[in-house]
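Take a look at the structure set out below.
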DNA sequence: TTGTAGGCGTTATCAC
DNA sequence: GTGATAACGCCTACAA
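Chains as they are written, first to last, in the UniProt record's numbering: chain A, 1 to 320; chain B, 1 to 320.
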């Protein structure tokens, strides 16, 4: 017991005793057993983070920020890669409920509104993303519609009149593509520009490769266009590459704007205009919400929806 | 006890009993307590991964591959971000020894040869990186010298005669920059080309920003050059941007090659020639070595040094 | 100020 | 085939 008191810096230990304990610990190369401490305390000091893959630029950026934010609360982060698959996202929830983690930050990509029921758990969970609003847990999201409208408006202000949208498949109104599509439409309507369905370009996956192909095809034999709003910077990087392949000059003939402000976007040629959703703020809020839940037992009475701020970062790809 | 037998699929449980247990579990919403299981078993099923930051392209790629490889062994991965700082790398070692992790994969960036002593631990550790060779633990490394030589040779074969090296500070012969510098020199010597110290360009940090500045300065008023070997793709991305700022055409006037083959490099304009060090193989080996150590107690008798393979990926930036 | 008792939830062992 | 017992290492509560 005295050893425990020394380890945990409890007062009421005589300096001489403390010294003897420390010496013995050093001599025996003693290490506290974290598993035993966890069992006794009922907490592990670790939170789970479930994201599609840490190597994807946006999720990597977010994971880094979340690990840093968690560290400020004295928490470690264990990462599950879900591959954006619904079943893996549900599995992460299950692990968290097994008290492997004190709480879980879950990026819902594969799960959809129909899975809201799975979130009815007596365990701290914060949802990150667009797929689930109004669920039984706290939620941190991007200002998708407003930011997408701002990005589109920026293209209009720079003189674009036939603006394409490069997005994923528009399925159920609650994914990244659909929400940003809504913002794109809003901006066009507000400016009195027609919405040409031929300029809404869906790619099967939000990858550079798919985006590059689509951009090449559009430039080769698609309808005329003078601007592209890409739903992510990854898509925009692919688009820039595809347009270059087709001999289209950016921003001379076509202006391009992305979304996410990943580190690389400032160094592309041309550098990429984009939306900065303040990843650090989102990470900080997500961890703060989770920590608050970890304080009390049981299901929360009120859920918080935190929508981040954003700013436009104007670079060469929408220059004059 | 019978519950435990059911949960762990032990034989010798009568089907009817198993059924009753399963029903009770469902009724009570029973969850195994992983902390208690860890205490009892003396293992946590989690390994630690200490890297500078998951958001850096190379470490993100590696982390993703490691998480996937660990998953194949039924292990979770908890990530510590060290910021490349020696003290944080040592702290990760300490956590692992506290039995928080069953083992640790440690990317040594801040630690150096002088810290070999810290690795003398009775706990599974695999070192990843260049800083520590011949230590008391297993080690997975890139084929730095050979691959750097191959990259430089490629520039020579493409007609370059004044090849710059864009690297970090060359301090102690056992970091990424120094090892790749050695390969660069080897290739120049083998080709009978002079080694011009003015063409060895150190930047204070291996970032896009620092590289872009250095490339601009070189193009503006440095010595003449017709090729650049960049020690990482990140540095190469910065260099491409800096050269573009200075109005230098790539590959027309100057050819550029990087190292790492990060996802983005294929989509840059111009696309980036680079060295692919087979991240998946490195990750797979690192986890396999760690798992092997986790089998036995105590310090290993023999240490394994695994040096990955590599291949050149030729793209536009070194095209004719 | 120090030390004793007990229990966190699980599972290896062994008796029934 | 089932279950009682004990122990993994720690820390809260309380006694000395």
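For glycine and all other residues, C-beta sits at the position ideal for the given N, C-alpha and C.
Asked, Found
"To the nearest angstrom, how far is the alpha carbon of residue 225 (chain A) from that of residue 317 (chain A)?", "15 Å"
"For residue 64 (chain B) and residue 55 (chain A), what's the separation of their Cα atoms in angstroms?", "6 Å"
"How about residue 248 (chain B): is its C-beta nearer than 7 Å to some C-beta of chain A?", "no"
"Can you give me the start and stop residues for the alpha helix (DSSP H) that residue 68 (chain B) sits inside?", "57-72"
"Does the distance from the C-beta atom of residue 36 (chain A) to that of residue 93 (chain B) stay below 7 Å?", "no"
"Can you list, in chain order, the stretches of the alpha helix (DSSP H) that have 4 or more residues and sit fully within the segment 135-169 of chain A?", "144-157"
"Taking Cβ to Cβ, would you say residue 139 (chain B) is nearer than 7 Å to residue 291 (chain B)?", "no"
"Who are the Cβ neighbours of residue 147 (chain B) in its own chain at under 6 Å, not counting the five residues just before and after it?", "275 and 310"
"Short of 8 Å Cβ to Cβ, which residues in the segment 146-163 of chain B face chain A?", "none"
"Below 8 Å CB to CB, which residues in the same chain sit around residue 239 (chain B) once its five sequence neighbours on both sides are set aside?", "166, 211, 212, 214, 215, 228, 230 and 256"
"Quick one: using the 10 Å Cβ neighbour count with 16 as the cut-off for buried, is residue 1 (chain B) buried or exposed?", "exposed"
"Say whether the segment 111-121 of chain A touches the segment 167-186 of chain A, bearing in mind that this needs 3 or more beta-carbon pairs closer than 8 Å, one atom from each stretch.", "yes"
"Would you list the residues sitting across from residue 273 (chain A) in a DSSP beta bridge?", "A:257"
"Can you tell me whether residue 46 (chain A) is helix, strand or coil according to DSSP?", "strand"
"Enumerate, from N- to C-terminal direction, the unbroken alpha helix (DSSP H) stretches of 4 or more residues contained entirely within the segment 80-146 of chain B.", "86-97"
"Might you give, ordered along the chain, the residues of its own chain that have their beta carbon closer than 6 Å to the beta carbon of residue 283 (chain B), omitting 5 neighbours on each side?", "65, 66 and 69"
"Under 7 Å between C-beta atoms, does residue 67 (chain B) make it to chain A?", "yes"
"Inspect the CB distances between the segment 183-192 of chain A and the segment 147-161 of chain A and report whether three or more fall short of 8 Å.", "yes"
"Residue ranges of each alpha helix (DSSP H) run of no fewer than 4 residues wholly in the UniProt domain \"HTH lacI-type\" (1-41) of chain B, ordered along the chain?", "2-7, 15-28 and 34-41"
"Compute the Euclidean distance between the alpha carbons of residue 189 (chain B) and residue 129 (chain B), then round it to the nearest angstrom.", "26 Å"
"Going by beta carbon distance, what residues of the same chain come within less than 7 Å of residue 13 (chain A), once the five residues before and after it are set aside?", "2, 5 and 6"
"When the Cα of residue 348 (chain B) is compared with those of B:61, B:118 and B:102, which residue comes out closest?", "Limits of chain B in this structure are 1 at one end and 320 at the other, which puts residue 348 (chain B) out of reach."
"Name the residue from A:107, A:28 and A:22 whose alpha carbon lies nearest to the alpha carbon of residue 50 (chain A).", "A:107"
"Are the CB atoms of residue 250 (chain A) and residue 206 (chain A) within a distance shorter than 7 Å?", "no"
"Check whether chain A comes within 7 Å of residue 294 (chain B), counting only Cβ atoms and requiring the distance to be less than that.", "no"
"List the whole-angstrom C-beta distance separating residue 31 (chain B) from residue 97 (chain A), where the pair is believed to meet the contact cut-off of C-beta under 8 Å.", "5 Å"
"In its own chain, which residues sit with a C-beta less than 6 Å from the C-beta of residue 319 (chain A), not counting the 5 before and 5 after it?", "251"
"Can you list, in chain order, the residues of its chain whose CB lies under 8 Å from that of residue 18 (chain A), leaving out five sequence neighbours each side?", "6"
"Compare the Cα-Cα distances from residue 223 (chain B) to each of B:170, B:28, B:78 and B:199 and report the closest residue.", "B:199"
"Looking at the structure shown, is residue 171 (chain B) part of a helix, part of a strand, or coil, going by DSSP?", "coil"
"So which of B:237, B:248 and B:168 has the shortest CA-CA distance to residue 273 (chain B)?", "B:237"
"Counting only beta-carbon separations shorter than 7 Å, does residue 256 (chain B) have a partner in chain A?", "no"
"For a quick check, are the C-beta atoms of residue 59 (chain A) and residue 52 (chain A) less than 7 Å apart?", "yes"
"Take the Cβ of residue 24 (chain A) as the centre, count every other Cβ of all protein chains shown within 10 Å, and call the residue buried at 16 or more, exposed below.", "exposed"
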